[in-house]
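Trainee:
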Amino acid sequence: MAKTALKPIIITIDGWSSCGKSTLARQLAKKLGYIYIDSGAMYRAITLYFLRNHVDWTAPEEVHEALGDIELEFRFNEKAEKSEMFLNGENVEFVIRDLVVAEKVSEIAAIREVREFAVAQQRRMGKKKGIVMDGRDIGTVVFPKAELKIFMTADNAIRVERRFRELFDKNPNITIEEVKNNLEMRDYIDSNREVSPLRQAADARVLDNSSITAEEQLKVALGWVREAIG
Ligand code: CDP
848 MAKTALKPII ITIDGWSSCG KSTLARQLAK KLGYIYIDSG AMYRAITLYF LRNHVDWTAP
908 EEVHEALGDI ELEFRFNEKA EKSEMFLNGE NVEFVIRDLV VAEKVSEIAA IREVREFAVA
968 QQRRMGKKKG IVMDGRDIGT VVFPKAELKI FMTADNAIRV ERRFRELFDK NPNITIEEVK
1028 NNLEMRDYID SNREVSPLRQ AADARVLDNS SITAEEQLKV ALGWVREAIG
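With my numbering applied, the sequence shown has no gaps in its numbers, which climb one by one up to 1077 at the end.
1. Determine the contact status of Val1042 and Ala957, defining contact as a CB-CB distance below 8 Å.
2. Under three-state DSSP, which class holds Glu1062?
3. When you compare the stretch 995 to 1005 with the stretch 1043 to 1050, are there three or more beta-carbon pairs, one atom per stretch, that lie closer than 8 Å?
4. Could you check where the alpha helix (DSSP H) with Glu909 kicks off and where it finishes?
5. Out of Val1007, Val989 and Arg891, point me to the one whose CA is closest to Val952's CA.
6. I want to check one thing, is the minimum distance from the CB of Ser1038 to the heavy atoms of the ligand CDP below 7 Å?
7. Going by DSSP, name the residue or residues bridged to Tyr883.
8. Can you tell me whether Thr1022 is helix, strand or coil according to DSSP?
9. Is any heavy atom of the ligand CDP found at a distance shorter than 7 Å from the C-beta of Asp945?
10. Using the beta-carbon count (16 or more within 10 Å), is Asp1016 buried or exposed?
11. State yes or no: is the C-beta of Arg970 nearer than 7 Å to some heavy atom of the ligand CDP?
12. Let me confirm a value: Gly915 is counted as buried when at least 16 other C-beta atoms fall within 10 Å, else exposed. Which label applies?
13. Of the residues Met889, Ile893, Thr905 and Met980, which one's Cα is nearest the Cα of Ala876?
14. What are the start and end residues of the beta strand (DSSP E) that includes Glu940?
15. So is Asn1028 buried or exposed if we call it buried at 16+ other beta carbons inside 10 Å?
16. Between Gly973 and Ile857, how many whole angstroms is the CB-CB distance? I'm expecting something under 8 Å.
17. Look at Ser930 and Phe941 and say whether their C-beta atoms are less than 8 Å apart.
18. Any idea if Val939 is buried or exposed, counting beta-carbon neighbours within 10 angstroms, 16 or more meaning buried?
19. Taking C-alpha atoms, which residue in Glu1013, Asp1002 and Gln969 lies nearest to Phe990?
20. What are the boundary residues of the alpha helix (DSSP H) that Val961 is part of?
21. For Asp861, list the residues DSSP reports as bridge partners.
22. Evaluate Arg962 with the Cβ neighbour count: other Cβ atoms within 10 Å of its Cβ, from every protein chain shown; 16 or more gives buried, anything less gives exposed.
23. Distance, Cα to Cα, Ala1004 vs Glu1024?
24. Is Ile985 near the ligand CDP, going by C-beta to nearest heavy atom under 7 Å?
25. Below 7 Å, is the gap between the Cβ of Gly973 and the nearest heavy atom of the ligand CDP?
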């Protein structure tokens, strides 16, 4: 498929924690010459700010004030061929992946004002289309009219194993139990929260990547892109 598709579209990828959303989003963006936005990185960066600055996120005024001091920006790293998250000018791409952040992110992402803050920026980034965005509520709330919505799933044990391997590379003290508990806790909070819970959009295509390769998943998704572009 040509790098610049005739009609740029919005592609949303939602699903459970660690089921390969970002891998597929990156593959599609590269193939189509689209921008990839990792919406989870925004919630992770906000969480990092709250933790570092001892923001009491149960107090709405503190949340409101803190959000006023947060500037989030994605900058493309040519060498790594990916966008990286900057929080108030600092590259936080590495540190936001830490389990310390993952332990609190779902609690903070459930706060209405936090979501409004992030969603407003996400919608601005999609204005010109030609974008792939992954998260939990992208096809349902952020871009309900997206031309292609994908909902990803994978077996629990596979998701745990994948995330454990990623985190173990950075921190050999981490245990598989900690990773499993974190994924289960986040999935529970994300799908049970009041504001924009994780849901499969009625018009989403489901992709279970438990037993297919990265190349195979890209092939399936590109077939859907072709249909969506028409
Ligand atoms: O990479 P992984 O699937 O583990 O998570 P992530 O995409 O980095 O998202 C981290 C957390 O941010 C999720 O567990 C959700 O609590 C929250 N999130 C959200 O609420 N809405 C989104 N659109 C994206 C992430």
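Ideal Cβ positions, reconstructed from N, Cα and C, are used throughout, including at glycine.
Mentor: Quick answer:
1. Residue 1042 sits at position 195 when you count from the first residue of the sequence shown. Residue 957 sits at position 110 when you count from the first residue of the sequence shown. Yes.
2. For the purposes of this step, residue 1062 is identified with residue 215 of the sequence shown, where counting begins at 1. If DSSP states are grouped into helix, strand and coil, Glu1062 belongs with the helices.
3. yes
4. Residue mapping note: residue 909 aligns to position 62 of the sequence shown, counting from 1. Residue range Pro907 to Gly915 is occupied by the alpha helix (DSSP H) that includes Glu909.
5. By 1-based counting over the sequence shown, the position of residue 952 is 105. Of Val1007, Val989 and Arg891, the residue nearest in Cα terms is Arg891.
6. Position 191 of the sequence shown, counted from the start, is the residue given in the question as residue 1038. Every heavy atom of the ligand CDP is 7 Å or more from the Cβ of Ser1038, so no.
7. Residue mapping note: residue 883 aligns to position 36 of the sequence shown, counting from 1. Paired residues: Val979.
8. Along the sequence shown, read from residue 1 onward, the residue named residue 1022 stands at position 175. If DSSP states are grouped into helix, strand and coil, Thr1022 belongs with coil.
9. The residue labelled residue 945 in the question sits at position 98 within the sequence shown. Checking every heavy atom of the ligand CDP against the Cβ of Asp945, none is found closer than 7 Å.
10. The residue you call residue 1016 lines up with position 169 of the sequence shown. Exposed, by the Cβ-count rule.
11. Residue 970 sits at position 123 when you count from the first residue of the sequence shown. The closest heavy atom of the ligand CDP lies 7 Å or more from the beta carbon of Arg970.
12. If you number the sequence shown from 1, residue 915 lands on position 68. With fewer than 16 other Cβ atoms within 10 Å, it is exposed.
13. Counting from one through the sequence shown, the residue named residue 876 turns up at place 29. Distance check between Ala876 and each of Met889, Ile893, Thr905 and Met980 places Met980 closest, using alpha-carbon atoms only.
14. Sequence index remark: in the sequence shown, residue 940 carries index 93 (1-based). Counting along the chain, Glu940 falls outside any beta strand (DSSP E), and DSSP gives it neither H nor E.
15. As a working note, residue 1028 is residue 181 in the sequence shown. Burial call: exposed.
16. For the purposes of this step, residue 973 is identified with residue 126 of the sequence shown, where counting begins at 1. For the purposes of this step, residue 857 is identified with residue 10 of the sequence shown, where counting begins at 1. With 8 Å as the limit, Gly973 and Ile857 qualify as a contact, their Cβ atoms being about 5 Å apart.
17. The residue you call residue 930 lines up with position 83 of the sequence shown. The residue you call residue 941 lines up with position 94 of the sequence shown. No.
18. Looking up residue 939 in the sequence shown gives position 92. With 16 or more Cβ atoms within 10 Å of its Cβ, Val939 is classed as buried.
19. Counted from its first residue, the sequence shown places residue 990 at position 143. Here the closest residue by C-alpha is Gln969.
20. Locating residue 961 in the sequence shown gives position 114, counting from the first residue. Per DSSP, Val961 belongs to the alpha helix (DSSP H) from Arg959 to Met972.
21. Here residue 861 corresponds to residue number 14 of the sequence shown, with the count starting at 1. DSSP, once it has assigned bridges, lists Gly982 and Phe998 as partnering Asp861.
22. Residue mapping note: residue 962 aligns to position 115 of the sequence shown, counting from 1. Around the beta carbon of Arg962, a 10 Å sphere encloses 16 or more other beta carbons of the protein chains shown; the residue is thus reported as buried.
23. Taking the first residue of the sequence shown as 1, we reach residue 1004 at position 157. Taking the first residue of the sequence shown as 1, we reach residue 1024 at position 177. Cα to Cα, Ala1004 sits roughly 11 Å from Glu1024.
24. Locating residue 985 in the sequence shown gives position 138, counting from the first residue. Ile985 Cβ: within cutoff of the ligand CDP.
25. Taking the first residue of the sequence shown as 1, we reach residue 973 at position 126. It does not: the Cβ of Gly973 is nowhere closer than 7 Å to a heavy atom of the ligand CDP.
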